[in-house]
Amino acid sequence: MTSLRSVGGRAARRWAIDLRPLRVPAYRRVWLGNTLAMFGFQLTAVAVPVEMYALTGDSLWVGLLGVAGFAPLLVFGPWGGAVADARDRRRVLLAGSALLWASMLGLLGHALLGGHPVALLALVTVHSTAFAISSPARSAILARLLPPELVPAGSTLNFTTFTAASVAGPLAAGLVFAAFGDARGLPVAYALDAVLFTGLVVATVRLPAMPPAPPAEGEARRGGLAGILDGFRYLATTPVLLLSFAIDLIAMVLAMPRALFPEVAQERFGGGATVGWLYSAIAIGAMLGGLTSGWIGRLRRQGVALVLAVVGWGVAIALAGLARQLWLVVLLLAVAGSADLVSAVLRQSMLLSYAPDRMRGRLQGVNTVVVAGGPRLGDLRAGAMA
-2 MTSLRSVGGR AARRWAIDLR PLRVPAYRRV WLGNTLAMFG FQLTAVAVPV EMYALTGDSL
58 WVGLLGVAGF APLLVFGPWG GAVADARDRR RVLLAGSALL WASMLGLLGH ALLGGHPVAL
118 LALVTVHSTA FAISSPARSA ILARLLPPEL VPAGSTLNFT TFTAASVAGP LAAGLVFAAF
178 GDARGLPVAY ALDAVLFTGL VVATVRLPAM PPAPPAEGEA RRGGLAGILD GFRYLATTPV
238 LLLSFAIDLI AMVLAMPRAL FPEVAQERFG GGATVGWLYS AIAIGAMLGG LTSGWIGRLR
298 RQGVALVLAV VGWGVAIALA GLARQLWLVV LLLAVAGSAD LVSAVLRQSM LLSYAPDRMR
358 GRLQGVNTVV VAGGPRLGDL RAGAMA
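When you number the sequence shown by this note's numbering, it's gap-free, plus one each residue, and the end is 383.
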């Protein structure tokens, strides 16, 4: 009996999420700060559309929030990556965090004083700009905080936390609005976001200095547009990384189904709470995939596994489109979410493992654009084809 328990325990450890990165104090502080910040961000992500609709009563204005949020990512994501490679990444993070915090306080003040939809769009643009500037540096520091063998596990923990926040955050926002109403719930949500973000600021302040890596022999360190172009040239000459970006972008553009969920819920399943299940299924699957991800760090052929994960995403989405039972659609979407989690972890691990430190910020900037833009282009494609 004891031997059976021992075998079962070892099997469970092989499958359960790898928590060893949390033994590294600097990573543990950043991970905890990110967890709090991600949860708070989800509160704001719900509050901003609610506020915009309350101000205008027009869904077109709500849709414009997507443009205000995506355009800065497209412009400042690559630029933030170039800055992260040319400057101390800790200082870049602190500067981006200060701008993020200021935008959160701006949203809080806007909600308290009563504002204008154009002002809200401007605040969202500032918030997205700050995120675009700091995100590449925040992702690139992982390889400096952890030894190489723990990078996949650290990436998995980060993605799993983000997914869990994507599930729990909107639910918490709903509770805030249920308890306080829309008018008072808006400043409460923004204030909670600002308070929770403090944890990430403290973790960043406690990081050691992270000066840029020395340039390669015969290469000058360049920022701005020249540095961005250097990053794209490096990506073009590194097939492993280029294909990892391309395969993810193709999967998101051709098989992202979110824009169809309202129609599917109404036409196939009669509406009601169905649409909530459809929107949450992918995130729930990704979270469950993360909790059973202990095997990812032991993969040897990451490229093959990445292709299989993307194929799994596409097949699960296609089967969900053919299914006629709600439980089966939700199950297949959850499978797709789990496959997406695996592909995201592998892509991030490959980026941090293959790219030299002097290029990681710029490549993370490209990754920010791909991750943010791919699903939005997929929504556009799905809506146009419906």
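Even glycine gets a Cβ: it sits at the ideal position worked out from N, Cα and C.
Residue i, enclosing alpha helix (DSSP H) - first and last residue
i	result
P205	Taken as a continuous stretch (DSSP letters only), P205 belongs to no alpha helix (DSSP H), as it is neither H nor E.
A210	Looking at the DSSP string, A210 is not in any alpha helix (DSSP H), and its letter there is neither H nor E.
G362	D354 to M382
R321	Unbroken run through R321: none, as it is neither H nor E.
W28	P22 to T53
S290	Per DSSP, S290 belongs to no alpha helix (DSSP H) and is neither H nor E.
M101	R86 to L110
H124	P114 to A137
P236	P236 to A252
Reference residue i, options the options, closest by Cα
i	options	result
G54	H113, L193 and T122	H113
L189	V27, N364 and G37	G37
R296	T32, G78 and L147	Checking the sequence shown, residue 296 turns out to be Leu, not Arg. Ranking T32, G78 and L147 by Cα distance to L296 puts L147 first.
G358	L226, A165, D179 and R378	L226
S163	F177, V304, S350 and L285	L285
R321	P133, L57 and V261	V261
R355	V59, G228, R25 and A68	G228
R135	D82, F177 and G182	D82
Q39	L172, A233 and V308	L172
V237	L105, L319, I138 and Q299	Q299
A23	V199, L96 and P254	V199
V339	L360, P353 and T289	T289
R25	G375, P254, L197 and P133	L197
A127	A79, L104, A95 and P149	A95
A313	A170, M347 and P254	P254
Y351	Y231, G151 and A243	Y231
A306	G318, S335 and A317	S335
A116	P208, M49, A256 and W292	M49
T195	L97, L303, A315 and G151	L97
R378	A13, L257, V45 and N155	L257
G151	L16, G309, W292 and A186	L16
V80	A51, V301, G287 and A137	A137
A44	S100, A108 and T271	A108
I293	L246, Y276, F266 and M347	M347
S132	G78, L19 and P167	G78
A13	A129, G291, T235 and P208	G291
T41	R20, A68, L57 and A170	A170
Proximity test, residue i beta-carbon vs the ligand NAD heavy atom, cut-off 7 Å
i	result
V121	The ligand NAD is not part of this structure, which contains no ligands at all.
Below-8 Å beta-carbon distance, residue i vs any chain D residue
i	result
A162	Chain labels in this structure do not include chain D; a single protein chain is all it has.
Take every Cβ of the segment 194 to 207, pair it with every Cβ of the segment 86 to 105, and state whether three or more of those distances are shorter than 8 Å. The segment 194 to 207, when compared against the segment 86 to 105, does touch it at the 8 Å Cβ threshold.
Pick out the complete beta strand (DSSP E) segments inside the segment 141 to 189, 3 residues or longer, and give them in chain order. Runs of the beta strand (DSSP E) lying entirely within the segment 141 to 189, each at least 3 residues long, are absent.
Any chance the segment 59 to 71 sits against the segment 335 to 345, with 3 or more Cβ pairs inside 8 Å? Touching, no, given that fewer than three Cβ pairs across the two stretches are closer than 8 Å.
Evaluate contact between the segment 140 to 160 and the segment 362 to 376, counting only Cβ atoms and requiring at least three cross-stretch pairs below 8 Å. no
Three-pair Cβ contact test at 8 Å for the segment 243 to 256 versus the segment 118 to 133: The segment 243 to 256 vs the segment 118 to 133: no contact.
Three or more C-beta pairs closer than 8 Å, one from the segment 100 to 120 and one from the segment 310 to 328: is that the case here? no
Count Cβ pairs between the segment 28 to 48 and the segment 156 to 175 that sit closer than 8 Å; are there 3 or more? yes
Could you tell me whether the segment 329 to 341 touches the segment 275 to 283, where touching means 3 or more Cβ pairs closer than 8 Å? yes
Cβ contact check for the segment 65 to 76 and the segment 180 to 194: 3 or more pairs under 8 Å: Contact check between the segment 65 to 76 and the segment 180 to 194: fewer than three CB pairs, one atom from each, fall below 8 Å, which does not count as touching.
Which runs of the alpha helix (DSSP H), 4 residues or longer, sit entirely within the segment 297 to 346? 299 to 319
So, does the segment 166 to 182 touch the segment 370 to 378, judging by three or more C-beta pairs under 8 Å? no
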